[in-house]
Amino acid sequence: MRPIQLTMSAFGPYAEVESIDFTRLNGKNIFLITGPTGAGKTTIFDGIAYAIYGKTSGSDRDQEHIRSDFANEDTLTYVELTFQLHGKKYYIKRIPKQYKKKTRGEGYTEQKSDAELKIIEDNKIYTGVLEVDHKIKEIIGLTYEQFRQIVMIPQGEFRELLLAGSKERQEIFRKIFGTNIFKEIQIQLYERAKKIASEVTRLTEERRTNIKNIYVGECEELSQLISTETINVSLLEETLTNQIQRDKEEEKKLTKEIEGLEEACTALHKKINEALKNNEKFQRKLEIEQEKMKLQEKEGVIRLYIEKVSKGRKALNLKGLEDSYLNNIDKVEKRKGEIENLYIVLKEAEKTLENAEKILMEEESKQEQRQTLMNQAIIYKGYTDKVKVYEEKQGHYAALQSSLETSLSNVNRKKQDVEMIKSKIKSLHLEAEGIRKATKDAGVLVRDLEKKEALQKKLKQFQPLLQELDRIRKQCNKQIEEKNQMKKRYEDQKAKLQEMQHKFYKGYAGLLAKDLKEEDSCPVCGSHHHPNPAKMIEDVPTQEMLQKEEEKLKILEENYRISYEEFQRLMGSGTAQKRQVEDQKVEIQEIIEVDISAFEKEALTGFIKEKLKLLSKEIDALRQRCEALEEQQNRQEELIIEAEQKTETLAKEEKQLETILEQYTKVYGEVQKETTTIETLEKELPEEIRTQKKLQDKITTIVSEYNLMEKALHDAKEQFLKNKERNTSLLKEKVIKEEDLKEIKMECGQLQKKLKEEIIALGFEDEEAYRIAKLAEDQIETLEKEIKTYDGNVKSNEDRYKEIIEGLKDLKVVDINVIEDELGKKTEEKSSLTTKSTEVFARIKHNTDISINIKKINEAIKKEEKNYSIIGELAKVAKGDNSEKITFESYVLAAYFDDIIEAANIRLGKMTGNRYEMSRIKEKSKGNAQSGLEIEVFDNYTGKSRHIKSLSGGEKFEASLSLALGLADVVQSYAGGISLETMFIDEGFGTLDTKSLDNAIECLLELQSSGRLVGIISHVQELKDRIATRLEIQQEIGGSKTKFIV
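All letters in the sequence shown, in the order written, are residues 348 to 1393 by this note's numbering.
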């Protein structure tokens, strides 16, 4: 990059528009920039850096505060730079953010940051800060930091590179060489290693949690393995597998024992029912015996009743034998009716008893059904846990099935989308191919159009070129007159000044000789003899007058120079313009194949007008055809773009399809797993009880049915006994009434026959005996009834006793408590074994799941540890956790630094007379300090190495300059063909002695000889003496100005 012209407006100390034309150097590639402190020397660097990158050259200058304090508020701050690179010229302009006066009204408005870049030869323009930043970086090929280090070395800042420590130097190099990627690799490796380690820790903790959740049961070996701080996982897995196998064998054994106990319980229930029936007979015998004892106890009372009745009856017959006879007639009829009614009631009672007995036998025959119901209730209660698991599995299965259907629907829908996109891509390609074939000859038309448009453009441009040539000629003639006038004024002023200087020196000599005496030393020549001393003259000009005239001469000289330069510029422009006109004529002739070299101005103008009219018509026709083709081509491009977009969409859709298929496969696998579990449970569970509600309803129904059957049996027994007792009572009553009827009939006959006899022969001793023996009829009947009832009870007791004795042959009382105790023990044992079996089953299921989880986790840990063995080691090495304490980035930067030092030593050797040679300290630092980028210097005078900081101020400058120049060479070499034709160096030469300064200048002159433009800011007089070409910065009250001295 070589600057051509820099223009700064209201920038830094430059209040107005200040232009610096670097073409005035005329091939002199090294120049000084001089001027007072604060005049704006470094601002020139800032202007160039700001124009290219939008940033100033120094780290302590803020580009948002670069507007000149001297500038008028109407003057806009901006920087323009024209430069050349790879044979092309570029123009760039940047406007920083600032506030400016409103064009209308009062107040200020904000001017946004803006930029414009123009490639002059290609006539291409880029606008906007972002677009220009991107393009300029592409053109220059350097970052801002690289540009600062190899093109502009700011004041004092290149010493930072020399004296910085490894850490600071690494930051500098990171910006220059863009090694952030290596830093990022370090970070990413560290993060990946950390993530893998974290995942291993998480998996290990998850495995530990699974291990802690193992149901050890009574396995002491497993318990000890789990309780150890460092668990032997492989041994634990083996032990757990063995324990699961033992538990499965134990579960089979327990199931077999439970089945045996269930059979034993069923047999004991049957035995209890038989014992109950047996013991019930003995109970009835006991009740009959107790009844007999009560009847025997009442026998004496009944005998007294009989005697009393007998006497009372006699007395009653004697008292009212006749009335008795008549009453007995009625009594016979009454008894007949009673007996008839009793026959009817007895028949109904016998039928009722028969039905009750039938019902009782029927209910007693249902004992097996009742026992079956009881067994079913017990069995169904045993299904409770499995039904609960089955219901949960069914719920999970339903959710998975729904998810599976959704996934399948998504797969089908996504497949349709993919096919539709493929079909669309195919149709787009077919349509685009059709357009391509239709527009394959478009290039011929376009080239024809471009050729005619180029001719039209050249013809349109040719007339202004002629006019411009004529204008330049007139202006050039005018400038010749102005130049001659300026030359004359300058020469007149120069002659006047020379005359005044002559008078001044003559007058000054007379003034010195006025008081000169013989033998005194002459202040001019030193002689002690003065044969012809100078004489005093009149009208001698003063020093002030001479200075004023010198100022006038300078102004006239500058005006003449400007006028002459303008004349030279116009002459150059005229020559260039004439050459351009002639070149254009030749080009036009070649295109139109007509010789126009001999045409006069008017004829040439007419010819061009006619040619332009014809071209305009031809171009319009071609444009229409091209536009039609362009529309088709645009359509083709749109189709291609759409096809590419669809292809990208297709890739995304296919990726999504893969994801959905993976999800479907995963859910399908879970569905199959749940299906297998459910099918296993369904084999174990009857269909009608596969929900907790159905199971509970079934158990409730069975228990309810069992209770109803038990109640029915109890009710049948109670009803049978009640009817049997009633029937017996009715039979007894019938016998009594029939006997009573016979007696009444007999008595009636006797009364009829013996009425008179019995009256006479009462059998009583006296009336008193008759009255004592006489009883009321109801009293006699009551006593007789009790007697008869007693007799019937005795008969019934005897009959029933005979019957029960017959039924108890070969039987004995069974102790039901013993059987029930045995049944309780068996039931309790079965319950205990069932609980234990459930626990063992749960332990098998739980430990199997944990075993599977542990295996999966072990595989995952193994995979992660394998990754960590690579990534973790890389992360440690890259982070600097190695014997040399060098990070990956530092290792890369050290290679760059070695190249820089090697390049720097070439110049340092020349500057120091081969006394010093820099090298990188390769020994690691003490403690944890970062190392690898420290510098030491070898002193050939002492033969020893020492730290670079031990050099003197001047030596440090030489080392710094060498390092900066070496850095520039290395960056340029690594930048890949980047052309760096310019370098600016700011200050630092004042610390050098004469010899060192000569050596430094020789190094810089070598840069000049290589074609590189070198600008140096310095106040050192030796540099001014050695380098005649300079750019002077003049500091004025209203702002600074620049001036090239060539």
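Glycine included, every Cβ here is placed at the ideal spot set by N, Cα and C. Just so you know, these numbers come straight off a predicted model, no measurement behind them.
Outcome for Asn1346 when other beta-carbon atoms lying within 10 angstroms are tallied against a minimum of 16: Residue numbering aside, residue 1346 sits at position 999 when the sequence shown is read from its first letter. Label assigned to Asn1346: buried.
Identity of the residue in Ile391, Gly953, Ala362, Ile635 nearest Asp1333 by Cα: Numbered from its first residue, the sequence shown carries residue 1333 at position 986. Nearest C-alpha to Asp1333: Ile391.
Whole-angstrom C-beta distance between Ile1247 and Ala1241, which should lie under 8 Å: Indexing the sequence shown from 1 puts residue 1241 at position 894. Indexing the sequence shown from 1 puts residue 1247 at position 900. Not quite, the Cβ-Cβ distance comes to about 10 Å (not below 8 Å), so this is no contact.
Identity of the residues DSSP links to Glu1283 by a beta bridge: In the sequence shown, residue 1283 corresponds to position 936, counting from 1. Glu1283 is bridged to Ser1266, His1294.
Status (buried if at least 16 other CB within 10 Å, exposed otherwise) for Met833: Taking the sequence shown and counting its residues from 1, the one referred to as residue 833 is at position 486. With 16 or more Cβ atoms within 10 Å of its Cβ, Met833 is classed as buried.
Enclosing beta strand (DSSP E) for Tyr437 [first to last residue]: The residue you call residue 437 lines up with position 90 of the sequence shown. Run containing Tyr437: 435-442, per the beta strand (DSSP E) assignment.
Own chain partners of Glu1167 with C-beta closer than 7 Å, once the 5 adjacent residues on each side are dropped: As a position in the sequence shown, residue 1167 is number 820, starting the count at 1. These residues qualify, in order along the chain: Ile619.
Distance CB(Ala362)-CB(Ala418) smaller than 8 Å: Taking the sequence shown and counting its residues from 1, the one referred to as residue 362 is at position 15. Taking the sequence shown and counting its residues from 1, the one referred to as residue 418 is at position 71. Yes, they are a contact pair.
Assumed close pair Gln979, Ile782 - CB separation to whole angstroms, cut-off 8 Å: Position 632 of the sequence shown, counted from the start, is the residue given in the question as residue 979. Position 435 of the sequence shown, counted from the start, is the residue given in the question as residue 782. The C-beta separation of Gln979 from Ile782 comes to about 5 Å, placing the pair in contact by the 8 Å criterion.
N- and C-terminal bounds of the alpha helix (DSSP H) containing Gly1171: Stepping through the sequence shown from its first residue, residue 1171 is reached at position 824. Unbroken alpha helix (DSSP H) run through Gly1171: 1163-1226.
Asp407 versus Arg495 - alpha carbon distance: To locate residue 407, count along the sequence shown from 1; it is residue 60. To locate residue 495, count along the sequence shown from 1; it is residue 148. Because Asp407 carries a pLDDT of 48, less than 50, the predicted location of this residue cannot be relied on, and the following value inherits that uncertainty. Each residue's alpha carbon lies about 13 Å from the other.
Supposed contact pair Leu959 and Lys807 - C-beta distance, whole angstroms, cut 8 Å: Along the sequence shown, read from residue 1 onward, the residue named residue 807 stands at position 460. Along the sequence shown, read from residue 1 onward, the residue named residue 959 stands at position 612. Yes, they are in contact, since the Cβ atoms of Lys807 and Leu959 sit about 7 Å apart, within 8 Å.
When Lys1388, Ala745, Ala622, Glu1349 are compared against Leu1158, the one with the closest alpha-carbon: Walking along the sequence shown from the start, residue 1158 turns up at place 811. Per the Cα distances, Ala622.
Reduced DSSP category for Ser366 - H, G, I as helix; E, B as strand; rest coil: The residue you call residue 366 lines up with position 19 of the sequence shown. Three-state result, Ser366: strand.
Ile395 and Leu353 closer than 8 Å at C-beta: Taking the first residue of the sequence shown as position 1, residue 395 is located at position 48. Taking the first residue of the sequence shown as position 1, residue 353 is located at position 6. Contact flag set, yes.
Residue from Lys530, Thr424, Arg1147, Gly1313 with nearest C-alpha to Lys632: What you label residue 632 is simply residue 285 of the sequence shown in a count that begins at 1. The shortest Cα separation from Lys632 among Lys530, Thr424, Arg1147, Gly1313 belongs to Arg1147.
For Glu1031, the nearest candidate out of Tyr730, Ala1315, Lys628, Leu1354 (CA to CA): Walking along the sequence shown from the start, residue 1031 turns up at place 684. When each option's Cα is compared against that of Glu1031, the closest is Tyr730.
Residue interval of the beta strand (DSSP E) (run including Arg1377): Residue mapping note: residue 1377 aligns to position 1030 of the sequence shown, counting from 1. 1377-1381 is the extent of the beta strand (DSSP E) around Arg1377.
Exposure label - Arg908; buried when at least 16 CB within 10 Å: On the sequence shown, residue 908 is found 561 positions in, with the first residue counted as 1. The residue in question, Arg908, is exposed, as its Cβ has fewer than 16 Cβ neighbours within 10 Å.
Nearest-angstrom Cβ-Cβ length linking Gly1227 and Ala544, presumed shorter than 8 Å: Within the sequence shown, the letter at position 880 stands for residue 1227. Within the sequence shown, the letter at position 197 stands for residue 544. At roughly 18 Å, the Cβ-Cβ gap does not stay under 8 Å, so Gly1227 and Ala544 are not in contact.
Residue of Met918, Asn674, Leu802 minimising C-alpha distance to Lys956: Within the sequence shown, the letter at position 609 stands for residue 956. Residue Leu802 is the option with its Cα nearest to Lys956.
Where the beta strand (DSSP E) containing Lys447 begins and where it ends: Taking the sequence shown and counting its residues from 1, one reaches residue 447 at position 100. Element bounds for Lys447: 445-448.
Of the residues Val563, Tyr400, Phe629, the one placed nearest Gln590, counting alpha carbons only: By 1-based counting over the sequence shown, the position of residue 590 is 243. When only C-alpha atoms are compared, the closest one is Val563.
Euclidean distance between Cα positions of Lys1388 and Lys901: Residue 1388 sits at position 1041 when you count from the first residue of the sequence shown. Residue 901 sits at position 554 when you count from the first residue of the sequence shown. About 16 Å.
DSSP beta-bridge partners of Glu978: To locate residue 978, count along the sequence shown from 1; it is residue 631. Looking at the DSSP output, Glu978 bridges to nothing.
Contact under 8 Å by Cβ, Phe1331 with Gly1358: Position 984 of the sequence shown, counted from the start, is the residue given in the question as residue 1331. Position 1011 of the sequence shown, counted from the start, is the residue given in the question as residue 1358. Against a cut-off of 8 Å, the Cβ pair of Gly1358 and Phe1331 comes out as no contact.
Sequence-distant residues of the same chain with beta carbon closer than 8 Å to Gln1126, five excluded per side: Reading the sequence shown from its first residue, position 779 is the one you call residue 1126. Excluding sequence neighbours, Gln1126 sits near Gly659.
Distance between Glu1379 and Leu1370 (C-alpha atoms, nearest Å): Position 1023 of the sequence shown, counted from the first residue, corresponds to residue 1370. Position 1032 of the sequence shown, counted from the first residue, corresponds to residue 1379. Roughly 14 Å separates the two Cα atoms.
Exposure label - Pro811; buried when at least 16 CB within 10 Å: Within the sequence shown, the letter at position 464 stands for residue 811. So Pro811 ends up on the exposed side.
Continuous alpha helix (DSSP H) stretch holding Tyr397: start and end: Indexing the sequence shown from 1 puts residue 397 at position 50. Note, Tyr397: alpha helix (DSSP H), 388-400.
Contact the stretch 1127-1138 vs the stretch 646-656: 3+ CB pairs below 8 Å: Yes: the two stretches touch, three or more of their Cβ pairs being nearer than 8 Å.
Sequence-distant residues of its chain with Cβ nearer than 7 Å to Leu1352 (five each side left out): The residue given as residue 1352 occupies position 1005 in the sequence shown. Result list for Leu1352: Ile377, in chain order.
Asp1246 - containing alpha helix (DSSP H), residue span: The sequence position of residue 1246 within the sequence shown is 899, counting from 1. Counting along the chain, the alpha helix (DSSP H) containing Asp1246 begins and ends at 1235-1258.
Rounded straight-line distance, which links the Cα of Gln741 to that of Glu715: As a working note, residue 715 is residue 368 in the sequence shown. As a working note, residue 741 is residue 394 in the sequence shown. Whole-angstrom Cα-Cα distance: 36 Å.
3 or more residues per run - each beta strand (DSSP E) lying fully within the stretch 451-481: 455-458, 461-466, 471-474, all fully within the stretch 451-481.
Three-way DSSP call (helix, strand, coil) for Tyr730 in this model: As a position in the sequence shown, residue 730 is number 383, starting the count at 1. Correct three-state label for Tyr730: coil.
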